[in-house]
Every structure is written in structure tokens, then in C-alpha cells.
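In the working numbering, the protein residues as written are 1 to 111.
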């Protein structure tokens, strides 16, 4: 019985320690672009890197994920996926007081 309770406790704690960026939830902003994912990512990455130097890009299914890390709150994440003849972009940001307006504006500027 102790082993079962210990295993359950460990599983619950592990679930709580997962970073929010792995399960971002609903996007704060969702738009479409005529640009293909690669072209859109090429536009956005340098703009985000101006604001957050450690911004990184990785390939995901059908597109790219750009992440601007945050020391205090959840990372700001943009998923860019193939959609019809262009891309669908989904921006995930932390709490209202921690959202970066310049990163959001960059998303719109590259559309």
C-alpha cells in the first residue's frame, strides 16, 4: 500500500513540475498568413531575438515553434504550422502583467 501511495504521489508531483510551455493551452492570439511556415519563421525569429536574445526556433510537425524564454513567468511561444496555402500562427503568452506587447506586435508585423 505504501508503494502505491508513494507512486501516486510521485506521479502527481511530476505532473506539477512540467513546464507550461509543454502544454500551452488556448492561444492568446491566433492568425493566418499567406506566407509558408519557413518564410514566416524567418521574418519573426530575428524580431523576437532583438527583444529576447535567447529566443530559439525548433521544428515541429508541419512547421516551427519559436520560444522566447522568461525567467519569471511562462515562456512566450509561437507555433507556426502549414495551413491551406500559407500558415496558421498561434501565440501563447503568460499572465496579463507579463505579456510582451512588442513580441505580439512582431507577430502581426510578419503576417
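Quick reminder that beta carbons are idealized off the backbone N, C-alpha and C, glycines included.
Just to confirm my understanding: we take residue 81, look at its own chain, exclude 5 residues before and 5 after, and list those with CB closer than 6 Å. What are they? Indexing the chain shown from 1 puts residue 81 at position 81. Once the five neighbours on either side are set aside, the close Cβ partners of residue 81 are 62, 63 and 88.
If you reduce the DSSP assignment to three classes, tell me which class residue 44 lands in. One-based indexing of the chain shown puts residue 44 at position 44. Here residue 44 sits in helix by DSSP.
**Prompt:** If you drop the 5 nearest sequence neighbours on each side, which residues of the same chain put their C-beta closer than 6 Å to that of residue 69?
**Reply:** Position 69 of the chain shown holds residue 69. For residue 69, where only same-chain residues beyond five positions count, the Cβ hits under 6 Å are 54 and 75.
Residue 46 versus residue 26: straight-line alpha-carbon distance, rounded:
Here residue 46 is taken as the residue at index 46 of the chain shown, counted from 1. Here residue 26 is taken as the residue at index 26 of the chain shown, counted from 1. Using only the alpha carbons, I get a separation of about 25 Å.
*Closest by C-alpha distance to residue 58, when choosing among 30, 77, 106 and 73*: The count along the chain shown starts at 1 and reaches residue 58 at position 58. Per the Cα distances, 77.
Report task. Mind checking who residue 68 pairs with in its DSSP beta bridge? Result -> Working through the chain shown from its first residue, we reach residue 68 at position 68. Paired residue(s): 76.
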